[in-house]
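All letters in the sequence shown, in the order written, are residues -19 to -1, 1 to 459 by mature numbering (1 follows the signal peptide of the UniProt record, and there is no 0).
From the three backbone atoms N, C-alpha and C, an ideal C-beta is built for every residue, glycine too.
First up is the structure itself, then whatever we jot down about it.
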Amino acid sequence: MKKGVLVTVLISAVAGALAAFVVLKTAGPDAVGQQVVISDNGGQFRTVNLTQTEYPDFTYAAESAVDAVVYVKVTVKDVTRTAPSSIFDFFFGYEGTPHERERVGSGSGVIIRPDGYIVTNNHVIEGASKIEVTLNNNKTYEAQLIGTDPATDVALIKVDAQGLPTIPFGDSDNLRLGEWVIAIGSPYDLRSTITAGIVSAKGRSMPNYNGEFKIESFIQTDAAVNPGNSGGALVDKSGNLVGINTAIISQTGSYTGYSFAIPSNIVKKIAYDLIDYGSVKRAVLGVTMRPVDDKTAKELKLSSPNGVYIVEVLKGSAADEAGMKAGDVLVAIDSSKVLNASAVQEHVNNFHPGDKTRMTVIRDGKEKVLTVTFKGTSAENGSVDEDGGVAFYGARIKEAPKETLEKLGLSHGVEIVSVGPGKVMDAGVSEGFVILYVNDQPVEKPQDVMDIIKKSKRAVFVEGVTPYGKVSYFGFGI
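In structure tokens form, the structure reads like this:
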């Protein structure tokens, strides 16, 4: 009997030793494990074992992505006019002799298709008369501008080449706080520079001081980004494109610890809209909103200060027709929770006019699910609003007031009084621009502009003056 007990004890000891050995092996650096330990005083702490693949090693991501990030060189022609040389020139509307000079800028871009389509920032190529792209193998191509979207600061250019290296799009919604990423670009003309950091925050927006329509839901990282990185790639450890580097916050103009990237989900939608349609097909919800703070949450008896408070619903908008009301709190789009206005903008930007989605709002303390059918962005071209403004490819135009003409030293012109999503915004034009000529024909009132456009078959070319008196040009296809 004692012998049997002894055998049992020996077998148990051997089994325990084997189990301990297996646990130690599986909990080593080749396995992932997580354990919650409760201490004697009732406190809890967590231990995590990481596999070797979970440690930060960027060699694969860097080597697979670097060849698809290009150097972008732009040439911009600035035109200035001399002041009238005599009082006769002033009274007879002489606008001065034009003087032209060139300046050169640079940035980065990312090849997204083997047939030469490249995404970059709008601010990199804005106003460019010539765009050159240099690949990592030092081959240089002249690039054609396909389209821009100033609202998201995305631009699409193309070079005449085949079989180019690309970076596949990743899903930026799946990025996690603290996840490692690398930034690839050409800061200060240092080609193919790679820096690393972590995702510091998501859904960031920055102050907009000029009143322009912007869609911002930036990925914030601490990867070092400097002038010249704009338009370059933000890449995850698997080598997927998760963002386009676009901005830094700095009082010196150089990197101080914060950098921002446009999420790849926004970039992908904009780029393929420009490829497929020639312009961005942007859905509009039709609300104004503000964050929900603790005070609002208590007043509305919400369980948490999450979501956005609907301040106003525009009459006839997609939100209005879906039954959304001022005072509602929007908490989810489809199955995705929304925590702030940037998140709402990012979600809505993924849809096209005519798409449907389900939005969850809290009204009178109860959840309500609304089915929203999105509408487009701009009024019918040439339509006149209540203030006498005429719709002009997403913008509104009016006859330039006498005070504006006198200030700019002009005798005639049509002013762009507001800019919304459309071809005018895509061309990088801001409000206050005074149109002098359309397709080389002088214009004095909005009807002149629309009459000329009706006769145009392929394109519109506009010459005018910026609010600062600088002669400028823009054009687009129709």
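{"Item": "Per-residue burial, arginine 263 [other beta carbons within 10 Å of its own, 16 or more giving buried]", "Value": "buried"}
{"Item": "Span of the beta strand (DSSP E), counted from its first residue to its last, around aspartate 217", "Value": "214 to 217"}
{"Item": "C-alpha gap between isoleucine 175 and glycine 212, whole angstroms", "Value": "14 Å"}
{"Item": "Methionine 187, buried or exposed, once every other Cβ within 10 Å from all chains shown has been counted against 16", "Value": "exposed"}
{"Item": "Exposed unless 16 or more other CB atoms sit within 10 angstroms - verdict on phenylalanine 241", "Value": "buried"}
{"Item": "Alpha-carbon to alpha-carbon, aspartate 309 and asparagine 330", "Value": "21 Å"}
{"Item": "Cβ neighbours of proline 448 in the same chain (closer than 6 Å, five flanking residues each side left out)", "Value": "Gly413"}
{"Item": "Secondary structure of aspartate 257, DSSP reduced to three states", "Value": "helix"}
{"Item": "Whether valine 180 touches leucine 156 by CB criterion (7 Å)", "Value": "yes"}
{"Item": "Alpha carbon of phenylalanine 73 to alpha carbon of arginine 377, nearest angstrom", "Value": "The predicted position of phenylalanine 73 is uncertain, since its pLDDT is 47 and thus under 50; no value can be drawn from it."}
{"Item": "Cβ contact (3+ pairs, closer than 8 Å) linking the stretch 374 to 392 and the stretch 420 to 439", "Value": "yes"}
{"Item": "Of the listed residues Val312, His328, Arg339, Ile163, nearest to leucine 351 (C-alpha basis)", "Value": "Arg339"}
{"Item": "Pick from Val443, Val51, Gly151 that is closest to glycine 394, judged by C-alpha positions", "Value": "Val443"}
{"Item": "Three-state secondary structure assigned by DSSP to proline 95", "Value": "coil"}
{"Item": "Spatial distance of residue 464 from aspartate 421 (CA atoms)", "Value": "The question about residue 464 has no answer here: the residues shown for the chain are numbered -19 through 459."}
{"Item": "Rounded C-alpha distance that separates isoleucine 112 from glycine 90", "Value": "12 Å"}
{"Item": "Cβ pair leucine 222, alanine 214 closer than 7 Å", "Value": "yes"}
{"Item": "Minimum length 3: unbroken beta strand (DSSP E) runs contained in the stretch 296 to 378", "Value": "310 to 314, 337 to 344, 347 to 354, 371 to 373"}
{"Item": "Valine 261 beta carbon less than 7 Å from that of aspartate 130", "Value": "yes"}
{"Item": "Isoleucine 247 - DSSP class collapsed to helix/strand/coil", "Value": "helix"}
{"Item": "Where lysine 438 sits in the DSSP three-state scheme", "Value": "coil"}
{"Item": "Whole-Å CB distance - valine 273 paired with leucine 283, under 8 Å assumed", "Value": "7 Å"}
{"Item": "Cβ-based burial, serine 219 [other Cβ within 10 Å; buried from 16]", "Value": "exposed"}
{"Item": "Beta-carbon proximity of valine 400 to lysine 379, cut-off 7 Å", "Value": "no"}
{"Item": "Inter-residue spacing [alpha-carbon to alpha-carbon] between aspartate 416 and lysine 58", "Value": "One point to set straight first is that residue 416 is isoleucine, not aspartate, in the sequence displayed. Their Cα atoms are separated by approximately 19 Å."}
{"Item": "DSSP three-state assignment for valine 415, whether helix, strand or coil", "Value": "strand"}
{"Item": "DSSP-derived helix/strand/coil call for lysine 120", "Value": "coil"}
{"Item": "Extent of the continuous beta strand (DSSP E) run through asparagine 103", "Value": "Careful: asparagine 103 lies outside any beta strand (DSSP E), inside the alpha helix (DSSP H) at 103 to 106."}
{"Item": "Residue range of the beta strand (DSSP E) that includes glutamate 396", "Value": "395 to 400"}
{"Item": "Asparagine 226 classed as buried or exposed, judged by whether at least 16 other C-beta atoms fall within 10 angstroms", "Value": "buried"}
{"Item": "Collapsed DSSP secondary structure at aspartate 154 in the structure displayed", "Value": "helix"}
{"Item": "Cβ-Cβ distance between alanine 307 and leucine 266 below 7 Å", "Value": "no"}
{"Item": "Given glycine 346 as reference, the closest of Val446, Gln428, Val100, Leu281 once Cα atoms are compared", "Value": "Leu281"}
{"Item": "Beta-bridge partners of isoleucine 225, as assigned by DSSP", "Value": "Ala214, Ile243"}
{"Item": "Neighbourhood of lysine 349 by C-beta distance below 6 Å, restricted to the same chain and skipping five residues each side", "Value": "Val342"}
{"Item": "Sub-7 Å separation of valine 114 and glycine 86 beta-carbons", "Value": "no"}
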